[in-house]
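Colleague: Following this message is one structure expressed as structure tokens.
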Amino acid sequence: MTAPQLPENEHRGVELLRGRWAGTGSGHFPTIDDFEYSEEIVFAPTPKPFLTYSSRTRGLPDGRPLHMESGYLRPVPGNELELLITQPTGFVEIHRGRVDAEGTLAFTLLTLASSPDSKPVTDVRRVVRVHEDTLTYDIWMAHDQTPLTHHLHAELQRVDD
Numbered sequence: 096m097t098a099p100q101l102p103e104n105e106h107r108g109v110e111l112l113r114g115r116w117a118g119t120g121s122g123h124f125p126t127i128d129d130f131e132y133s134e135e136i137v138f139a140p141t142p143k144p145f146l147t148y149s150s151r152t153r154g155l156p157d158g159r160p161l162h163m164e165s166g167y168l169r170p171v172p173g174n175e176l177e178l179l180i181t182q183p184t185g186f187v188e189i190h191r192g193r194v195d196a197e198g199t200l201a202f203t204l205l206t207l208a209s210s211p212d213s214k215p216v217t218d219v220r221r222v223v224r225v226h227e228d229t230l231t232y233d234i235w236m237a238h239d240q241t242p243l244t245h246h247l248h249a250e251l252q253r254v255d256d
């Protein structure tokens, strides 16, 4: 069976994000110490009209493994993108959003599901911006008794393979 072909403009966000990105970021949250990290994000092509997604972070300056997540970025009808993310901490996120004229993709959370023993995260918001070969993002999180709060900011550069 062949995947449905979407109009060319519906692939704009997929093409904008495709590739490998590397850079650094910083994190903060009321319940933890501030931290710095390095990150590699890969949006890799598949034979279908979507990309696989993976993110790996390491603490700075020591290089210890921190966070990882993986999933898919797929175009959906209405010129939107859907970001599906799984985390080894027991979470699954489904977001949708549309790339604006400036290259900003503000996702809306559709689903946040967790395993019975995961930490009590109750909300996640993600905004991704691409300008030329620079990708920046911001993530907000609500956890247990802490309301939606800015948690992460990173700036990554497109890496040629």
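Here this note's numbering is used: the first residue of the sequence shown is 96, the next is one more, and so on.
For glycine and all other residues, C-beta sits at the position ideal for the given N, C-alpha and C.
A quick note: this is a predicted structure, and the numbers were derived from the prediction, not measured.
Would you call G120 buried or exposed, if buried means 16 or more other Cβ atoms sit within 10 Å of its Cβ?
Modeller: By the 10 Å Cβ count, G120 comes out buried.
Colleague: For R253, collect the residues of the same chain with a Cβ closer than 8 Å to its Cβ; drop the 5 residues on either side in sequence, then sort them by chain order.
Modeller: If we look at R253 and ignore the five residues flanking it on each side, its Cβ neighbours are G114, R115, W116, D228, T229 and L230.
Colleague: Between the Cα of S149 and those of E164, T141 and P160, spot the shortest distance and give me the residue it belongs to.
Modeller: It is E164 whose Cα lies nearest to the Cα of S149.
Colleague: Drop a sphere of 10 angstroms on the beta-carbon of A249, count the other beta-carbons inside from all chains shown, and report buried for 16 or more, exposed for fewer.
Modeller: The residue in question, A249, is buried, as its Cβ has 16 or more Cβ neighbours within 10 Å.
Colleague: So, under 8 Å CB-CB, T166 and L178 are touching, yes? Tell me the CB distance rounded to an integer number of Å.
Modeller: Here residue 166 is Gly; the residue named in the question, Thr, does not match the sequence. About 7 Å separates the two Cβ atoms, so the contact holds.
Colleague: Whose C-alpha, out of L251, H246 and D255, is nearest the C-alpha of F124?
Modeller: Out of L251, H246 and D255, H246 has the C-alpha closest to the C-alpha of F124.
Colleague: Per DSSP, which residues does L205 bridge with? Please list them.
Modeller: Per DSSP, none; premise fails for L205.
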